[in-house]
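For reference, the structure discussed in these notes is given below.
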Amino acid sequence: MCEQIISAILRTLKSILRLGDTTMDNNKTTITCQSSSRPYAIVIQENCFHQIVKQLSPAQKYLIICDSNVKPLWGDKLQLAITKANISCALISFPAGEANKNLQTFSDLHEQIALRLDRQSTIITLGGGVTGDMGGFVASTYMRGISFLQIPTSLLAMVDSSVGGKLGVDTSIGKNAVGVFNNPIKVLIDPSLLLTLPKNYFIDGMAEVIKHAFLSGEEYITFLEDNVAGILAMDLSLLSTLIIQSVQFKVMIVEQDEKESGLRKILNYGHTIGHALEETLGYSSIPHGNAVAIGINAANYLALKCGLLSEAAFLRIQNLLQQYHLPIFLSDLGLTGDADQLFHFLHNDKKNQDDQVVMILLEGLGKPIISTTQTTLQIKEAINYVIKNRSLS
Ligand SMILES: O=C(O)C(=O)C[C@@H](O)[C@H](O)[C@H](O)COP(=O)(O)O
Ligand SMILES: [Zn+2]
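Quick note on numbering: the sequence shown equals residues 9 to 401 in the numbering used here.
Printed below as a string of structure tokens:
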């Protein structure tokens, strides 16, 4: 897609969205996401976790899917609160970690549900990106699909994976290689849940937030630059603001291109090389957000060398990633990588067209383009830059 068209679409969408589908009352923000099947609400409200029960129906059966970390923290408590209200609610869990977001765990979860739910039942996915992606995929395939409610508990899931309906698991072919597009009936985001999240998980989610900021433009970038200390100190009002900003931006994109035939590809900024890092190093060695941060640095290096991105913008992005304690080189994580192996995985990327590697590059802040013109040599140079920590010259 031509770069001028993408920039123009983004500008128009941003102006419409300001007036569009966001309502605010009593510290509660509701952003409605339109989709081809039906609209769904994304509700952002502090300390709403314990009020979730009020939104459930005693006539239905519920089942919570969470991982082994979230179960003792919130899973058991939510199940107890629901059953205390005389609503039927079971809970199943799986071992935490992206390494378990696979077909085996997917199948185990189906076995555990077996015939405990009917077609009127609702699954509640409670957790981070892995839980939302895999739990939503289980709901979408159980008896050919039942409804599900997403309650994200990590920053990454709140700002990114719970919105837009991408569900699925990783396979030997690659990251998210098997899955569906399907939307939840609702997404409930309680920013106060982040206060108990381990700091490294929070930092990991900041990579997707920073990705949104540099895709979206100056206003969001400046907000993140001006509020580093407050955000890292977990100021709830700042966290709510950034969640709302990111969700609005993502909704604006996915509403235009639900199934990623064009514009939505820009949300993969940093992911082409990021996914290849996860695939080659192993999902338990490098968290998704960390891989995306390094992938952003690699994509920017490519854009810089292609004459698209200025050195000032390149350094500004590096600086913001580092201020939020994200890695920009593989060595920042004490890891090493193999450029040829990484390059091989780029050919399995879902964005590719006609065997051509597609990269999301910035030609300025808030100006993403979908690029297919980079050469193998240029891509390998960008990979080498982030894995060998080369200097800019
Ligand atoms: O929602 C999207 O579209 C994205 O690309 C968001 C990404 O941050 C997210 O990691 C997504 O799961 C990647 O999707 P994939 O289709 O490239 O596997
Ligand atoms: Zn991502």
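Using N, Cα and C, we set each Cβ at its ideal position, and we do this for glycine too.
Treat the numbers as computed from the prediction; the structure is a model and nothing was measured.
Below 8 angstroms on the Cβ atoms is my contact criterion, and I expect residue i with residue j to pass it. Report the Cβ-Cβ distance as a whole number of Å.
i	j	result
I303	H279	The sequence given here places Gly at residue 303; Ile does not occur at that position. Confirmed, Cβ separation roughly 6 angstroms.
L8	L369	Residue 8 lies beyond the residue range present for the chain, which begins at 9 and ends at 401; the question has no answer from this structure.
A306	V394	4 angstroms
N110	T179	7 angstroms
G182	E287	6 angstroms
Residue j and residue i - do their beta-carbons sit closer together than 9 angstroms?
i	j	result
V177	V186	yes
F156	T130	yes
G172	V300	no
A400	L316	In the sequence under discussion, the amino acid at residue 400 is Leu, which differs from the Ala named in the question. No, the pair does not count as a contact, with Cβ atoms beyond the cut-off.
G270	A107	no
P199	L125	no
G372	S318	yes
I52	V255	yes
L338	M214	no
K359	K273	yes
Q331	E227	no
I154	Q128	yes
L175	S148	yes
Beta carbon of residue i: closer than 8 angstroms to some heavy atom of ligand 2?
i	result
L164	yes
L220	Before going on, a small fix: residue 220 reads as His here, not Leu. No, the beta carbon of H220 sits no closer than 8 angstroms to any heavy atom of ligand 2.
May I ask you to check if the CB of residue i is nearer than 8 angstroms to at least one heavy atom of ligand 1?
i	result
K109	no
L275	yes
H355	no
G135	no
G172	yes
K183	yes
H333	no
E268	yes
D141	yes
K92	no
Does residue i get closer than 9 angstroms to chain D when you measure Cβ to Cβ?
i	result
K258	In the structure shown, chain D cannot be found, because there is only a single protein chain.
Check whether the region 246-254 touches the region 150-169, counting contact only when three or more Cβ pairs, one atom from each stretch, lie closer than 8 angstroms.
yes
Restricting to runs no shorter than 3 residues, where is the beta strand (DSSP E) found entirely within the region 63-113?
69-75 and 96-102
Three or more C-beta pairs closer than 8 angstroms, one from the region 341-351 and one from the region 314-326: is that the case here?
no
Would you list, in sequence order, the uninterrupted alpha helix (DSSP H) runs of no fewer than 4 residues that lie entirely inside the region 225-298?
226-234, 236-240, 244-264 and 279-289
For the structure I just gave you, are there three or more beta carbon pairs, one from the region 81-94 and one from the region 144-154, closer than 8 angstroms?
no
With a cut-off of 8 angstroms, do at least 3 Cβ pairs link the region 348-364 to the region 379-392?
yes
Counting beta carbon pairs with one atom in the region 113-123 and one in the region 53-69, are three or more of them shorter than 8 angstroms?
no
Length-filtered (3 minimum) beta strand (DSSP E) runs lying within the region 147-176:
155-160
Collect the residues with a C-beta less than 6 angstroms away from any heavy atom of ligand 3 and give them in sequence order along the chain.
As far as ligands go, the structure on display features ligand 1 and ligand 2 and does not contain ligand 3.
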